[in-house]
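Colleague: Chains R and E are the protein sequences, given in the same order.
Sequential numbering of the first sequence, starting at 1, is according to my numbering.
Sequential numbering of the second sequence, starting at 1001, is according to my numbering.
Cβ coordinates follow ideal geometry from the N, Cα and C atoms, glycine included.
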Amino acid sequence: MIRKRTYVFICAILLSSLTLQAHPTEEPATPRDTVQMRSLANRLLGRLLPTDDPLFGGIAIGVDALGSGLAAFSTYGEYGVMARVNLKQKVFPVVEAGLGVCNRTDDATDIHLKLSAPYFRVGCDYNFLKDVASRNRIFGGLRMAYTSFSYDIDAPAMSDPVWHDQTSFVYQDVKSNMLWAELVFGLEAKIWRNFHLGWNLRYKRRLHQKVNPPGQAWYVPGYGKNDTSAWGGTFNLIFEL
Amino acid sequence: MNIRLKKHSKSLFAAWWLFVWAIFVTQCSEVDCPLNNVVAVQYGLYHTDGTAVTLIDTLTIRAVGTDSVLLNKGQGISSFLLPVHYTADKDSLLLRFSDEEGDVLTDTICLCHTNEAHFESMDCPLCYFHTLTSVTTTAHAIERVELVSPQVNYDTQENIRIYLRDFIE
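1) In chain order, what residues of the same chain have a beta carbon less than 8 Å from the beta carbon of Val998/E, not counting five sequence neighbours either side?
2) Could you work out which residue in Val101/R, Ser134/R, Pro213/R and Arg84/R is closest to Lys175/R when comparing CA atoms only?
3) Do the CB positions of Gly62/R and Val81/R come within less than 8 Å of each other?
4) Which residues, in order along the segment 1114-1145 of chain E, keep a beta-carbon less than 9 Å from a beta-carbon of chain R?
5) Note the first and the last residue of the continuous beta strand (DSSP E) segment covering Gly69/R.
6) What are the boundary residues of the beta strand (DSSP E) that Ser229/R is part of?
7) Can you tell me the Cα-Cα spacing of Leu1045/E and Arg1165/E, whole angstroms?
8) Between Thr1108/E and chain R, is there a C-beta pair that is closer than 8 Å?
9) For chain R, find out if any of its Cβ atoms is closer than 8 Å to the Cβ of His1085/E; answer yes or no.
10) Does Ala71/R come within less than 8 Å of chain E when only Cβ atoms are used?
11) Please go through the same chain and pick out, in chain order, the residues whose beta-carbon is closer than 7 Å to the beta-carbon of Tyr286/R, but skip the five residues on each side of it.
12) What residues match up with Tyr79/R in a beta bridge as DSSP calls it?
13) Could you check if Tyr1154/E is buried or exposed, using at least 16 other CB atoms within 10 Å of its CB as the buried criterion?
14) Less than 8 Å between CB atoms is the rule here; does Val1038/E satisfy it with respect to chain R?
15) Using a Cβ-Cβ cut-off of 6 Å (strictly less than) and excluding sequence neighbours within five positions of Leu1095/E, which residues of its own chain qualify?
16) Give the single residue among Ser74/R, Asn226/R and Phe128/R whose Cα lies nearest to the Cα of Asn103/R.
17) If we define contact as Cβ-Cβ less than 8 Å, is Gln1151/E a contact residue for chain R?
18) Helix, strand or coil for Glu43/R per DSSP?
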């Protein structure tokens, strides 16, 4: 069903773009063709957005309570906020931003990492729940995310096992950046008036990162522990304006 | 409201457990550190015609400037691993070849390199990687040396070939 809707969605977008591009071409399409294509696109969009709700359903803002709690009470986490637009209770373009912080010293190795930097995500969610009137939602979505940051890292002096001299390990202001994509699944429920509570699970895939000596950052703002892929999640308190 | 909550109680319960599972998954991590935090240069022993040598004579290697013996009376070897100085950019190694009759030949290999601190993870010890820039030798038992792979890191590969004179067995 989801795949079918995805195909419908893609077809609708393609047909919509064809419809929009029909006007500036050198050989304009006949009004009859244009009307037919628009009709088809509207029918496809109607299947994708079958509700009777208005196209613009409002704006919502939210905070990530889970990430903020981790940032405040553990050695790393993200203070995150989000804003999104409600289109017919089905499609939700989203912008997310936050501040990733890490101040951690490993118990075993005594390596200390410190950073604080913003991150940004843009994307879109789709509400798969048919009963849109309940204002409860089951989301699936995509995000593209980016952060540019610098970090400080230091460790106790190392002793050369053969020549027995000591070497320090202190790096400051090591610059890096990362681009990644996220696959999102989430649930959201209306709890009181315009307040919603929702959580989501995210599969994150690294697309690009800049690495400088002495190596890649252990933690990346908005991404979490640095690896080719990562799992994450948010627990959002959302207010619909 | 209560009727709706009852109706969706199973879904909410499932959603809650999915959330708990998600938290569990996101908090899981595994440490995948190398077994040790020391990298080494791999040397290979060869005849002048390029065939590999399995040494019958005894080879002892010391690092100049220390009392450390890096290889003690090695026999039957065709390659060996030696550490690199973390902070200096030039290592001098004394290679002492001795045969059954007690004849001894000593050569000095000078190894020039750069040192790069390497950070793998918070959970893993730090280490130093190296890039070999040149290698030279005296020519008593050794005819010549060749730098074949300059990168010294966790990838095990032959870095330097030592071509021995024909009378070294």
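Modeller: In short:
1) Past the edges of chain E, shown from 1001 to 1169, lies residue 998/E, and the structure says nothing about it.
2) The sequence position of residue 175/R within the first sequence is 175, counting from 1. By alpha-carbon distance to Lys175/R, the top candidate from Val101/R, Ser134/R, Pro213/R and Arg84/R is Pro213/R.
3) Along the first sequence, one-based indexing puts residue 62/R at 62. Along the first sequence, one-based indexing puts residue 81/R at 81. A contact, by the Cβ cut-off of 8 Å.
4) Asn1115, Glu1116, Ala1117, His1118, Phe1119, Glu1120, Ser1121, Met1122, Asp1123, Cys1124, Pro1125, Leu1126, Cys1127 and Tyr1128: these are the residues of the segment 1114-1145 of chain E whose beta carbon lies less than 9 Å from some beta carbon of chain R, given in chain order.
5) Walking along the first sequence from the start, residue 69/R turns up at place 69. Boundaries for Gly69/R: no beta strand (DSSP E) harbours it, while the alpha helix (DSSP H) harbouring it runs Ala65 to Phe73, taken from the DSSP string.
6) For the purposes of this step, residue 229/R is identified with residue 229 of the first sequence, where counting begins at 1. Per DSSP, Ser229/R belongs to the beta strand (DSSP E) from Ser229 to Glu240.
7) Numbered from 1 along the second sequence, position 45 holds the residue referred to as residue 1045/E. Numbered from 1 along the second sequence, position 165 holds the residue referred to as residue 1165/E. CA-CA distance, Leu1045/E to Arg1165/E, rounds to 11 Å.
8) On the second sequence, residue 1108/E is found 108 positions in, with the first residue counted as 1. With 8 Å as the cut-off, Thr1108/E does not count as an interface residue toward chain R.
9) Taking the first residue of the second sequence as 1, we reach residue 1085/E at position 85. At least one C-beta of chain R is nearer than 8 Å to the C-beta of His1085/E.
10) In the first sequence, counting from the first residue as 1, residue 71/R sits at position 71. Interface residue (Cβ-Cβ distance to chain E less than 8 Å): Ala71/R is not classified as such.
11) There is no way to answer for residue 286/R, as the model of chain R reaches only from 1 to 241.
12) Taking the first residue of the first sequence as 1, we reach residue 79/R at position 79. For Tyr79/R, DSSP records a beta bridge to Leu99/R.
13) As a working note, residue 1154/E is residue 154 in the second sequence. The residue in question, Tyr1154/E, is exposed, as its Cβ has fewer than 16 Cβ neighbours within 10 Å.
14) Here residue 1038/E corresponds to residue number 38 of the second sequence, with the count starting at 1. At least one CB of chain R lies nearer than 8 Å to the CB of Val1038/E.
15) Position 95 of the second sequence, counted from the first residue, corresponds to residue 1095/E. If you ignore the 5 residues before and after Leu1095/E, its C-beta comes within less than 6 Å of the C-beta of Ile1061 and Asp1107, all in its own chain and listed in chain order.
16) Reading the first sequence from its first residue, position 103 is the one you call residue 103/R. Comparing Cα-Cα distances from Asn103/R to each of Ser74/R, Asn226/R and Phe128/R, the minimum goes to Ser74/R.
17) Counted from its first residue, the second sequence places residue 1151/E at position 151. At least 8 Å separates the CB of Gln1151/E from every CB of chain R.
18) What you label residue 43/R is simply residue 43 of the first sequence in a count that begins at 1. Before going on, a small fix: residue 43/R reads as Arg here, not Glu. Helix.
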